[in-house]
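Protein chains: 2
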Amino acid sequence: MPKVVATAPGKVTLFGEHAVVYGYPAIVTSIDRRVYVTATPRNDNIINISAYDLKTPGIIVTYKGSEVFVTTDYGKSLSAVSYLNKAVDITANYLGIKRGIDLKVKSEMPVGAGLGTSAAVSVATIAAYASAHGYSLSKDEISELGWRVEKEVQGLASPMDTSIATYGGFLKLVGERNEFHKEKLEVKVEIPAVIAYVERSKSTKEMVLKVKDLFERHKDVVNGIFRLIGEVTEEAEEALKAGDLRTLGELMNINHGLLDALGVSDARLNELVHLARVAGALGSKLTGAGGGGAIIALAPGKLNEVETTLGLRASITLRAKFGSEGVKVNIMD
Amino acid sequence: MPKVVATAPGKVTLFGEHAVVYGYPAIVTSIDRRVYVTATPRNDNIINISAYDLKTPGIIVTYKGSEVFVTTDYGKSLSAVSYLNKAVDITANYLGIKRGIDLKVKSEMPVGAGLGTSAAVSVATIAAYASAHGYSLSKDEISELGWRVEKEVQGLASPMDTSIATYGGFLKLVGERNEFHKEKLEVKVEIPAVIAYVERSKSTKEMVLKVKDLFERHKDVVNGIFRLIGEVTEEAEEALKAGDLRTLGELMNINHGLLDALGVSDARLNELVHLARVAGALGSKLTGAGGGGAIIALAPGKLNEVETTLGLRASITLRAKFGSEGVKVNIMD
């Protein structure tokens with residue numbers, strides 16, 4: 000049985016977060032920051048997981064049947080580890096096998112920053128586990144199993160993150176959950192961006208509920224905001240295809256204001272978004288659920304200026320190119 | 000001829016700025032910060048103006064026919080003085096008289112903060128000049144002449160500021176310039192607010208042009224934003240009449256996000272707006288044209304907390320009650 004390394008990219012939502020929950024389109028893209036899962040088959044049924052660089056010095060967790068041994072516990076990393084364990088569980092069931100594995104995870108992204116790290120971990124683990132045991136899953140299978148992992152760990156999950164971790168590139172998504180369609184967008188232009196992150200004070204679930212509460216109190220207005228976010232997303236699709244970065248930036252700025260109107264931005268995200276513009280970004284917006292988390296800034300020709308400025312206030316900044324490839328498996332021996 | 004003191008209130012735009020330029024409704028209110036113009040008739044044709052507390056130590060300007068003598072020049076105050084001079088000119092013409100006057104102006108508000116100081120100065124000067132010479136103008140006349148003063152000094156002007164300085168209370172305005180309708184709103188509840196101000200980096204004209212540029216590049220989306228601001232304003236009218244401050248606050252937050260989507264907020268205004276919310280305000284938004292300037296925060300029961308927090312970042316903070324009475328004249332002797 001071979002040792003394999005599977006890798007999957009993180010993601011950012013370019014347009015349409017929150018509105019997507021209400022049936023409007025969203026555009027997501029993969030980024031050139033990835034997680035790497037190395038899988039070595041074992042002769043027993045033990046699943047041994049070592050996690051590195053998940054924004055912590057590293058932890059080791061061992062599962063023996065229903066028992067869990069944590070060598071070092073660092074909160075968020077532990078939560079990432081539950082995705083690995085569930086991914087193994089679901090993939091083994093799907094393949095109808097029950098074999099142990101040593102998994103090593105490395106991540107180029109922080110956990111919990113809204114960059115889809117948990118989805119990338121799930122997707123890469125599924126691909127690694129299957130390949131290490133001699134099976135080859137299709138992308139559709141990996142994506143489907145990845146979504147199942149997220150649903151089981153989180154209770155509820157959008158298929159957005161696991162789709163983009165699997166397929167990479169740019170995806171336009173319409174509808175949530177049961178009636179979910181995705182469409183690959185052909186984007187030819189390179190899009191250099193800066194991502195900046197501040198600690199989240201609210202979970203995605205809390206933010207989705209906050210929007211739901213506002214929606215119920217102000218149906219017409221909030222519906223109008225969703226509809227406008229949908230229109231912005233459709234226009235952004237055209238701008239992406241045409242490689243018109245100026246228009247794309249303007250639409251990001253508009254989308255950010257609309258998210259602020261939904262009550263999902265906060266003082267820190269707004270500061271980062273506006274600092275990026277002052278530093279020369281063509282556009283900037285929060286990305287993901289809000290309540291802290293990440294912003295993205297479109298910064299062709301201004302990467303240094305924008306990253307340096309954002310670095311004054313953000314916990315983490317990173318440069319990213321959009322649209323890098325999806326899940327990939329390398330067999331090592 | 001009697002010495003008179005005329006006084007007129009400043010104002011804030013509660014809802015609908017920018018969208019009002021495109022035909023959507025706006026709601027403005029007077030605040031309990033006023034300008035006081037003391038007028039003493041003279042036996043010659045000289046117009047002598049002393050300005051105090053216009054955010055400067057005070058200046059004295061003397062007009063003799065077309066000659067201007069400035070005893071102390073402090074930039075912004077000088078610009079306020081041009082409204083006084085024009086108001087005298089227009090009122091004297093309207094009354095068909097040509098008599099000199101000594102005018103003393105005091106202001107409880109800064110000049111150039113978007114609080115309608117120049118309109119209050121114009122309106123109070125018109126009322127003071129007319130009364131000091133034994134004439135009594137109706138509110139409609141004062142409002143109309145005040146608008147004329149603003150148009151002549153600025154080139155272009157909305158009748159919003161001079162209307163609210165004249166009538167006081169809460170006004171709903173629909174349409175701009177030539178087809179302009181106003182409706183007095185009956186508001187029974189007291190609305191305690193905090194206003195915070197940061198230096199403006201852009202003029203009203205620049206901000207209006209910025210929105211126009213975005214409108215021309217993204218007609219559908221920007222039209223959609225205007226329409227939503229209009230809906231928010233209509234809902235706010237109901238909330239005001241019902242005294243529902245919680246809903247009013249939520250609508251302010253939504254309106255702020257929509258203004259941010261139009262590109263008229265900036266890092267400093269957003270910071271103030273969100274600090275106010277963190278400090279306990281029911282809602283907060285930029286008020287006026289944006290590009291720096293003022294924000295308002297609805298802060299019943301939290302005036303201390305909100306004012307103190309805003310004071311950390313703003314150049315000026317002041318408490319204000321909304322809806323105080325319009326122009327008033329007291330004859331002193």
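Protein chains in written order, with numbering that gives the first Met the number 0: chain A, 0 to 332; chain B, 0 to 332. By construction, the Cβ of each residue, glycine as well, lies at the ideal position given by its N, Cα and C atoms.
Selection from the options that minimises the alpha carbon distance to residue i
| i | options | result |
| --- | --- | --- |
| A:Gly115 | A:Gly145, A:Lys218, A:Ile253 | A:Gly145 |
| B:Thr124 | B:Lys320, B:Ala164, B:Gly289 | B:Ala164 |
| B:Ile46 | B:Ala86, B:Arg32, B:His17, B:Gly9 | B:Ala86 |
| A:Arg312 | A:Pro299, A:Ala298, A:Ile294, A:Ala319 | A:Ile294 |
| A:Val20 | A:Lys204, A:Val122, A:Arg267 | A:Lys204 |
| B:Lys138 | B:Ser200, B:Gly167, B:Ala156, B:Gly154 | B:Gly167 |
| A:Ile357 | A:Val231, A:Gly300, A:Tyr196 | It is not possible to answer for residue 357 of chain A, since the shown part of chain A is limited to 0 through 332. |
| B:Arg41 | B:Asp101, B:Gly95, B:Ala266 | B:Asp101 |
| B:Glu230 | B:Ala319, B:Gly242, B:Leu247, B:His217 | B:Leu247 |
| B:Asp43 | B:Gly99, B:Ala127, B:Leu281, B:Ile26 | B:Gly99 |
| A:Ser191 | A:Asp259, A:Leu297, A:Glu324, A:Val27 | The question names Ser, but residue 191 of chain A in the sequence shown is Pro. Of the candidates A:Asp259, A:Leu297, A:Glu324, A:Val27, the one whose C-alpha sits nearest the C-alpha of A:Pro191 is A:Leu297. |
| B:Ala278 | A:Asp265, A:Ser81, A:Ser135 | A:Asp265 |
| A:Gly111 | A:Val221, A:Ala288, A:Leu170 | A:Ala288 |
| A:Gly223 | A:Arg245, A:Ala260, A:Lys103, A:Val104 | A:Ala260 |
| A:Val120 | A:Gly95, A:Glu149, A:Lys97 | A:Glu149 |
| B:Val328 | B:Leu184, B:Glu304, B:Tyr35, B:Ile30 | B:Tyr35 |
| B:Leu94 | B:Ala118, B:Val104, B:Lys103, B:Ala129 | B:Ala129 |
| B:Gly325 | B:Ser135, B:Glu198, B:Val3, B:Asp31 | B:Asp31 |
| A:Leu136 | A:Lys211, A:Phe321, A:Thr90 | A:Thr90 |
| A:Ala118 | A:Pro24, A:Leu208, A:Asn84 | A:Asn84 |
| A:Leu281 | A:Val193, A:Gly291, A:Val220, A:Asp219 | A:Val193 |
| A:Gly322 | A:Phe214, A:His217, A:Glu249, A:Val188 | A:Val188 |
| B:Pro299 | B:Gly15, B:Phe225, B:Gly242 | B:Gly242 |
Residues sharing a beta bridge with residue i, DSSP
| i | result |
| --- | --- |
| A:Val3 | A:Ala38, A:Ile330 |
| B:Phe333 | Any answer about residue 333 of chain B is impossible in this case: the structure gives chain B only from 0 up to 332. |
| A:Ala195 | A:Ile294, A:Thr316 |
| A:Ala86 | A:Ala86 pairs with nothing; no bridge assigned. |
| B:Arg33 | B:Pro8 |
| B:Lys284 | B:Ile295 |
| A:Phe321 | A:Ile30 |
Run of the beta strand (DSSP E) containing residue i, from where it starts to where it stops
| i | result |
| --- | --- |
| A:Val104 | 100-106 |
| A:Ile294 | 292-297 |
| A:Gly279 | Segment: none, A:Gly279 is in no beta strand (DSSP E) and carries neither H nor E. |
| B:Lys181 | 180-184 |
Burial state of residue i, where buried means 16 or more other Cβ atoms lie within 10 Å
| i | result |
| --- | --- |
| A:Val161 | Going by the sequence as given, residue 161 of chain A is Thr instead of Val. Classification for A:Thr161: buried. |
| A:Leu172 | buried |
| A:Glu182 | exposed |
| B:Val11 | buried |
| A:Thr307 | exposed |
| B:Glu237 | exposed |
| A:His273 | buried |
| B:Glu107 | buried |
| B:Lys284 | buried |
| B:Leu155 | exposed |
| A:Leu317 | buried |
| B:Ala18 | buried |
| A:Thr6 | buried |
| A:Ser200 | exposed |
| B:His180 | exposed |
| A:Gly133 | exposed |
| B:Asn269 | buried |
| A:Ile96 | exposed |
| B:Pro56 | Interpretation of B:Pro56 is limited by its pLDDT of 39, a score under 50 that renders its predicted location unreliable; no figure is taken from the coordinates. |
Enclosing alpha helix (DSSP H) for residue i [first to last residue]
| i | result |
| --- | --- |
| A:Ser314 | Taken as a continuous stretch (DSSP letters only), A:Ser314 belongs to no alpha helix (DSSP H), as it is neither H nor E. |
| A:Glu140 | 138-153 |
| A:Ser162 | 159-166 |
| B:Phe169 | Premise fails: B:Phe169 lies in the beta strand (DSSP E), 169-173, not in any alpha helix (DSSP H). |
| B:Glu249 | 244-260 |
| B:Asn44 | From DSSP, B:Asn44 is part of no alpha helix (DSSP H); its letter is neither H nor E. |
| A:Ser121 | 116-131 |
| A:Gly111 | No alpha helix (DSSP H) contains A:Gly111, which DSSP labels as neither H nor E. |
| A:Glu236 | 218-241 |
Chain-ordered chain D contacts of residue i [CB-CB under 7 Å]
| i | result |
| --- | --- |
| B:Gly22 | Among the protein chains in the structure shown, which are A and B, there is no chain D. |
Exercise. Of all the residues that make up the stretch 212-235 of chain A, which are near chain B by a beta-carbon distance shorter than 9 Å?
Worked result: Leu213, Arg216, His217, Asp219, Val220, Val221, Gly223, Ile224, Arg226, Leu227, Glu230, Val231, Glu234
Exercise. Along the stretch 276-310 of chain B, what residues have a CB closer than 7 Å to any CB found in chain A?
Worked result: Val277
Exercise. According to a CB-to-CB cut-off of less than 7 Å, which residues of the stretch 238-253 of chain B neighbour chain A?
Worked result: Glu249, Asn252, Ile253
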